[in-house]
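Novice: This is the structure I want to talk about, given as structure tokens.
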Amino acid sequence: MTKIKGKNDGPGGRNEHYDVGSRKNVPRRNIVAEIKRGEHPGAHVVKVNGREYARDNPDPSKSDNVNRGK
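This note's numbering runs 54 ahead of the 1-based position in the sequence shown.
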């Protein structure tokens with residue numbers, strides 16, 4: 055499974071880009087589409103204030119969270 059890491063590069067710390075494995079600065083809309091297609095089974099999409107974002111599925115580990123640096 056590929057690790058997804060949020061960049062916190064948008065206004066207010068929102069994730070506008072993600073690092074996905076060796077791919078850097080993947081736009082939010084692209085990673086959301088990939089998750090919806092089932093390409094990242096350990097992640098899901100959440101809608102916050104009308105915008106869709108990538109989130110890791112719940113588990114006891116913090117080291118694999120999208121926003122692991124927070």
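A virtual CB, placed ideally from N, CA and C, is assigned to each residue, including glycine.
My understanding is that V74 touches V80, with C-beta atoms under 8 Å, so please give their C-beta distance in whole angstroms.
Specialist: With a Cβ gap of about 5 Å, V74 and V80 count as contacting.
Novice: Tell me P81's beta-bridge partners as DSSP assigns them.
Specialist: DSSP lists H71 as partners of P81.
Novice: Start and end of the beta strand (DSSP E) containing E106?
Specialist: 105–110 is the extent of the beta strand (DSSP E) around E106.
Novice: D63 to K90, Cα distance in whole Å?
Specialist: Going by the C-alpha atoms only, they are around 22 Å apart.
Novice: Given a threshold of 16 other Cβ atoms within 10 Å of its Cβ, counted over all protein chains shown, does N84 qualify as buried or as exposed?
Specialist: Answer is exposed; the Cβ neighbour count stays below 16.
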